[in-house]
Structures are given as C-alpha cells and as structure tokens.
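*Asks:*
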Amino acid sequence: MKVVRYTPDRLHAWNDFVRTARNGHFMFERGYMDYHADRFADFSLMVYADDGGLLSLLPANIKDGICHSHQGLTFGGFLSGRKMRAQNMLEVFSATRDFLKEQGVKRLVYKAIPHFYHQQPAQEDIYALFRYGATCHRVDISSTIDYKSKRYAFSSSRRSGLRKSRESGVEIKTSDDFTAFFAIATALLEKKYAARPTHTAEEMILLHGRFPGNIRLHAAYEGEEMIAGIIVYETPTVAHTQYIAASSRGKEIGALDLLFEKLIDETYAHKNYFDFGISTEQGGAYLNENLISQKEGAGARGTVHQFFTLDLDKIST
C-alpha cells in the first residue's frame, strides 16, 4: 500500500474517484476544495493498493504540524471506493500513520462523514479509529428528515407561518440572485450573532457556476422583492440547507415556512434525507435550543457529526 500527497497533476484521478466513492460528495472535488486554497495548506492524501489501484482519498490540510481532515469543509474523512473492506481500512490507517510520521506529523484530527451522506454503508473508518485508540473530542448535532420513515408533522408555529405566507401571496422560485440573498443573510448574522456568512456572495456565485446541479438557491418573493431564501447543497442522497435566511418582512409573514414546505414535500421528496445542519456551538458543547427547535418544528430529528483525535504513535503496524 502506498500513500502520496495530492498534486494538481492528479486532479482527474482525484475527481473521478470522488464521483464513484461510496461516501463521495461534490465538496470533495478539487473545483470546490481549491476555491479557498489560499486559506489552507493542502495536505490531501491518496492511498493506492499494492496493485496500483486507487483505494482511498483523504481531503486534508496541515496546520501547526497537525494533519486535519480538511478544515475548510464541514466534514471529510477517508473516501472509500467500492473495493474497500474493513481490513483494508485498518491497513489504510496504518500506512497513513507511517507516511505522516515520515513527514513529522504526530496527530490526525478527523471529521467523519455523517452516515446519511453514504450511497452505501462506509463506516469502516469509525471502526479503524476505535481500533487504533482515537478519542472522540467533539460531537455536533444536526437535524435531519429521513424520507424512508414516518414523517413528523410541522409544528403549530410552522403551520401558522404557512397560513400567513399564503395569505400574503408569497411566491417560491428558484433564483440565481445570490447577491440579494447574501445581503439578507449578512444583515441577519451581523444583527443576531455579530458574525458574517462563511462564504461571500462572489464565492457562492463561483461555486454555483462550477456545480450548478448541486448548489441551488430557492427564494421566497413578495412581489419583486426577495424576502427569504435557502441555499441547498444537493447530493445523490441528501438535500442539505447550507444557508437559511429571511428579512424582517420574511419573518413577519412566515416566508421560510412556505419555502420549507415546498422543498421538503415537493422539490426534494425523492431524496433519502433532508438535512438542516448543526445547531451546536463552542465545539459541540453548547446547544442552541431555539435554533434546533425551529428545525425540529419542521419535522427533523437528531443526527450527529463526529470528530476524532488520533495520536499517530498509538497505531501499531
């Protein structure tokens, strides 16, 4: 087994593997990862089997001598090909340990890919982390609708918002006006949290241009004015709300409730899951009860994002 660092001449091999991996996601393609390459020292790894076939990828960066499964991504552990087996993953971790130690790295911080993003089961990495003594240092809770199980109904407050938005004549459209949406999102975050969105409007326009089938803006309009919007990241199995925002007018008349009904019951009803994202802060230690209550009010329930620290000296050969 051989581990090498990703280099631009391997771009096509990398992207082709991501697209066929059991737990692939368009965020792991280089067109997405490299848009913020100036902010992270890329240390992505490619693992080859003895027969020369590509077996696994690890989107990663290096910071202060620590290898992180990429800090510019919400999650991103080892991507598994169709040939991956449990014993192979143990060998992948062992080979990665040897390679990282040769590079002077002593620790791996690992963000596992949540199970509902898998096209097929692919949690061999969780077992390998246990076997090699990793510690789970953080857990975030997300809110997810499983379309295969019995749905929870909208809460009474959500149903009230639906009534108001319908009475106000709110119209739902797919939009390319990311500038208008980010104006709403930025004003909301600055007022509520003294923060700004992770992406800028220009970055999202760039990413949408690269992944038009995966990144979509759905917006609520009153007349010609956008009053709420949701940016959805779409994979073969999941519709994930990357950004959710409403203007003061949009909140007043429940525009997001109408948007959610449309997206959950119609637009993405063919998916396996509809995911609202996490509601935790401070490394998972604080639960934003108001935020998660809103997501649960739309019928979602808890799934987790797990973070691990692996002391590379603990992995035996």
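If you read the sequence shown in our numbering, its first letter stands for residue 412, the second for the next number, and so on. We treat Cβ as the ideally placed atom computed from N, Cα and C, and that holds for glycine.
(1) Among His447, Arg607, Met637 and Ile642, which residue has its Cα nearest to the Cα of Lys662?
(2) Pick from Asp461, Met457 and Asp453: whose alpha carbon is nearest that of Gln482?
(3) Is it true that the region 698–712 meets the region 562–569, where meeting means three or more beta-carbon pairs spaced less than 8 Å apart?
(4) I'd like to know if Tyr521 contacts chain C, where contact means its C-beta is closer than 7 Å to some C-beta of that chain.
(5) Can you tell me whether Ser480 is buried or exposed? The criterion is at least 16 other CB atoms within 10 Å of its CB, across all chains shown.
(6) Using a Cβ-Cβ cutoff of less than 6 Å, which residues in the same chain neighbour Val415 once the five nearest sequence positions on both sides are dropped?
(7) On the DSSP bridge list, what partners appear for Gly640?
(8) Put His716 into one of helix, strand or coil per three-state DSSP.
(9) Beta-carbon separation of Leu669 and Ser576 under 7 Å?
(10) What would DSSP say about His479, mapped onto helix, strand or coil?
(11) Could you tell me the alpha carbon to alpha carbon distance between Gly665 and Ala596, rounded to whole angstroms?
(12) Could you work out which residue in Gln514, Ile537 and Arg518 is closest to Pro525 when comparing CA atoms only?
(13) Can you list, in chain order, the residues of its chain with a C-beta nearer than 6 Å to that of Met438? Leave out the 5 residues immediately preceding and following it.
(14) Work out the CA separation of Ser690 and Thr678 for me, nearest whole Å.
(15) CB-CB under 6 Å to Glu582, same chain, minus the five flanking residues each way: which ones, in chain order?
(16) Span of the beta strand (DSSP E) holding Ser567?
(17) Rounded to whole angstroms, what's the CA-CA distance from Phe592 to Ala656? Just pull it up for me.
(18) Compute the distance between the beta-carbons of Tyr459 and Lys413, then report whether it is under 7 Å.
(19) Considering only C-alpha positions, which residue in the set Leu600, His629 and Asp475 is nearest to Phe589?
(20) So for Gly708, helix, strand or coil by DSSP?
*Replies:* This is what the structure gives:
(1) Closest in C-alpha terms to Lys662, from the list His447, Arg607, Met637 and Ile642, comes Met637.
(2) Here the closest residue by C-alpha is Asp453.
(3) Taking 8 Å as the limit for Cβ pairs, the verdict is that the region 562–569 does touch the region 698–712.
(4) Absent here is chain C; the protein component of the structure consists of one chain.
(5) Flag for Ser480 reads buried.
(6) These residues qualify, in order along the chain: Met457.
(7) Answer is Ala630 and Ala656, bridged to Gly640.
(8) For His716, the secondary structure class from DSSP, reduced to helix, strand or coil, is strand.
(9) In contact: Leu669 and Ser576 (Cβ atoms closer than 7 Å).
(10) Three-state result, His479: strand.
(11) In this structure, the straight-line span from the alpha carbon of Gly665 to that of Ala596 is close to 16 Å.
(12) Measuring from the Cα of Pro525, the nearest candidate turns out to be Ile537.
(13) Leu484, listed in sequence order.
(14) C-alpha separation (whole angstroms): 24 Å.
(15) Closer than 6 Å at Cβ, skipping near neighbours: Tyr632.
(16) In this chain, Ser567 is not harboured by any beta strand (DSSP E); it is covered by the alpha helix (DSSP H) spanning Ser567 to Glu578.
(17) A direct Cα-to-Cα measurement between Phe592 and Ala656 gives close to 8 Å.
(18) Cβ atoms of Tyr459 and Lys413: closer than 7 Å.
(19) When C-alpha distances from Phe589 are compared across Leu600, His629 and Asp475, the shortest belongs to His629.
(20) Reduced to three states, the DSSP call for Gly708 is coil.
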